[in-house]
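Asks: In this note's numbering, the protein residues as written are 579 to 1232.
Where a beta carbon is used, it is the ideal one built from N, C-alpha and C, also for glycine.
Bear in mind the structure is a predicted one, so any value in this text is a computation, not a measurement.
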Ligand code: GLA
């Protein structure tokens, strides 16, 4: 059934009569007469009066002289210039697809859905699409893959035509998005951005730079700071050792400057858990690959502070593959068996001291196999020695990457998959240093079900994001495992690849990522709602205002760092959009609305879908502004690949 939202029945009758009264003036313009080079297609190029494979247009053995052969995913923007009254077509999968293929045809008018064919499969007869275009300025014809990939999705807009009474329809380019900055600049008064909880192990060295925005100089204070810790009131860096006694230490952090003051709870939980909120930082892989040097690491630490990222909670500066000796660059270890660094890392301890000097933490990388993925020395049969070396060097984070362990594991059994991680997990627990353990084995053996048991604090759930079709696919795969995330145990969908990133296939030099501004907002929104570790892996020396505004929004980060530690769950999903919902510790709920398509349309969110009752006050987290109280629902126009992250709190009705 054709949908005509926004029209009353009377309107419709009046308009239909008007249209009936016009036919003598109406001219037919065929869709195939428009500039089809502007039609985006998932494969090949749109064809006038023939199928995408340049054969006659045929749907279920019926031949059509006129029409447009297209291929999912396809999108076509048409400016009607107010001159058209009707668009009609007969839609279906072309016979060239040999009864394979499945697509949906959609027609949108100024962002409203006017026609939806439902799923059309190869071999099925055509379906008639007819829409009134009166009063519509932009018409969009879309073909989606119906959620099963684009193979054989040869989609015909057969017999497609406009009734035109005024100016002619014109194909136009899809709108180009500007790099709009949504995050308001932080004010001059202090604002503390620390998570409310933080875990550490008794007696271990402790370092923490209080994340705060606002004009410097600023004076920091920490009420009820345990005696074993010391705060530098000027830098806001806490150092010392965690208290020896297990328990909760309710510290109150304070910051003051000439423009104001702020205070915020910082509950230090001393026990056997680390990473009570998802770890945040930077990793060297996707920008430096195995070219990484000591200098790159120091520059990253400098930039983390100077760019302001550290003021929002980013604190790990993590080296990835490429620091040990490469195969054939012997000797690999010293006479005692301690792993040696290659020439690019002359003094690892000096490097971590440098990072710690800024109040940040340092991370490293190795494989449980004999070699890392890029062919550098691994820890196999030196696990204990390597872990001790990492602790002596002062590392606070270890990414343990399966790589060549495939050649060691006897088989693919769960026991064999778990073994190397259990070994390292146990060793780390016994060290006098808090080292967060990141399992990197690409999700094998459903790692989300056992990663925590072997001592992991976070685990990659998929293969490498940089080698995949992109963040959306990886993110959605990661989203399925929401039940397994909790404080100290996080699903890791890999790094945030925005800004300048090197191509992973060629391990190339950095270049701006090929994601639209809205997609970059979607990326960060998704990672925040999924309580994912937030590791940027682009170029720290080329952070522009746009990238920083995506990475550093205190309200979006607060959703990620919420102490309840629940991973968001997809509660609603259509072909067009999905809603990802994360319950928060204060009883409010964060809801992300994600537009899956490259076209704008309006989305409605009903409180019922989220299990919420009664009026809700709605806050737009990206723009940090209140959108008022809404009784049952909220409707908004999402632009192409648009996203909105809302924080909903129950509010009493007046
Ligand atoms: C694997 C990992 C990546 C990166 C490289 C380094 O591919 O999944 O994240 O660490 O190894 O070689």
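1. How is the beta strand (DSSP E) around residue 800 delimited, first residue to last?
2. Going by alpha carbons, who is nearest to residue 995 out of 1011, 1014, 1027?
3. Is DSSP giving residue 981 helix, strand or coil here?
4. What is the DSSP secondary structure of residue 1228, reduced to helix, strand or coil?
5. Since residue 606 and residue 739 should fall inside the 8 Å C-beta cutoff, what is the C-beta to C-beta distance between them, to a whole number of angstroms?
6. Select from 1187, 1158, 1153, 1166 the residue whose C-alpha is nearest the C-alpha of residue 1175.
7. Rounded to whole angstroms, what is the Cα-Cα separation between residue 945 and residue 1226?
8. For the region 699 to 712 against the region 613 to 623, are there 3 or more C-beta pairs whose distance is under 8 Å?
9. Please work out which residues of its chain come closer than 6 Å, Cβ to Cβ, to residue 1065, disregarding the five sequence neighbours upstream and downstream, and give them in chain order.
10. Return yes when at least one heavy atom of the ligand GLA lies under 6 Å from the C-beta of residue 638, else no.
11. Comparing the CB of residue 951 with every heavy atom of the ligand GLA, is any distance shorter than 6 Å?
12. Sort 695, 701, 767, 814 by Cα distance to residue 679 and report the nearest one.
13. Specify the secondary structure class of residue 1024 as computed by DSSP and reduced to three states.
14. For residue 1088, I'd like the list of residues in its chain whose CB is within less than 8 Å of its CB, leaving aside the five on either flank, ordered along the chain.
15. Going by the CB atoms, is the gap between residue 936 and residue 878 shorter than 7 Å?
16. How do the region 768 to 779 and the region 840 to 860 stand: do at least 3 beta-carbon pairs fall below 8 Å, yes or no?
17. Does the distance between the C-beta of residue 863 and the nearest non-hydrogen atom of the ligand GLA fall short of 6 Å?
18. Would you mind listing the alpha helix (DSSP H) stretches within the region 905 to 943 that are 4+ residues and don't spill past its ends, in chain order?
19. When you measure from the CB of residue 1018 to every non-hydrogen atom of the ligand GLA, does any distance come out below 6 Å?
20. Between residue 1063 and residue 1136, which are expected to be in contact by the criterion C-beta below 8 Å, what is the C-beta distance as a whole number of angstroms?
21. Rounding to the nearest angstrom, what Cα-Cα distance links residue 813 and residue 1218 in this structure?
22. How should residue 1196 be labelled, buried or exposed, when 16 other C-beta atoms within 10 angstroms of its C-beta is the threshold for buried?
23. Given 6 Å as the limit, tell me if residue 898 has its C-beta closer than that to any heavy atom belonging to the ligand GLA.
24. Ordered along the chain, which non-local residues of its own chain (more than five positions away) have a Cβ less than 7 Å from that of residue 872?
25. Which residue from 609, 726, 712, 614 puts its Cα closest to that of residue 669?
26. Secondary structure at residue 1208, three-state DSSP: helix, strand or coil?
27. Which residue's Cα is closest to the Cα of residue 1102: 1058, 1049, 1061, 966?
28. Quick check: is any heavy atom of the ligand GLA less than 6 Å from the C-beta of residue 1081?
29. For residue 827, which of 807, 1022, 986 has the nearest alpha-carbon?
30. Please list, in chain order, all residues of the same chain as residue 783 whose beta carbon is under 7 Å from its beta carbon, the five residues on each side excluded.
31. Does the ligand GLA have even one heavy atom less than 6 Å from the beta-carbon of residue 979?
32. According to the neighbour-count rule (16 or more other Cβ atoms, all chains shown, within 10 Å of its Cβ), is residue 1213 buried or exposed?
33. Kindly confirm or deny that the region 726 to 736 and the region 631 to 643 touch, where touching means at least three C-beta pairs closer than 8 Å.
34. Taking residue 860 as the reference, give the member of 881, 894, 874, 870 with the closest Cα.
35. Taking residue 817 as the reference, give the member of 800, 824, 833 with the closest Cα.
36. Can you find the residues in the same chain that come closer than 6 Å, C-beta to C-beta, to residue 692, ignoring five residues on each side of it along the sequence?
Replies: In short, the structure shows the following:
1. 797 to 801
2. 1027
3. helix
4. strand
5. 5 Å
6. 1153
7. 43 Å
8. no
9. 854, 1143
10. no
11. yes
12. 701
13. coil
14. 865, 1078, 1079, 1080, 1116, 1117, 1120
15. no
16. yes
17. yes
18. 926 to 935
19. yes
20. Contact doesn't hold; Cβ gap of about 17 Å is too wide.
21. 43 Å
22. buried
23. yes
24. 922, 923, 924, 929
25. 609
26. strand
27. 1049
28. no
29. 807
30. 819, 1011
31. yes
32. exposed
33. yes
34. 894
35. 800
36. 685, 709
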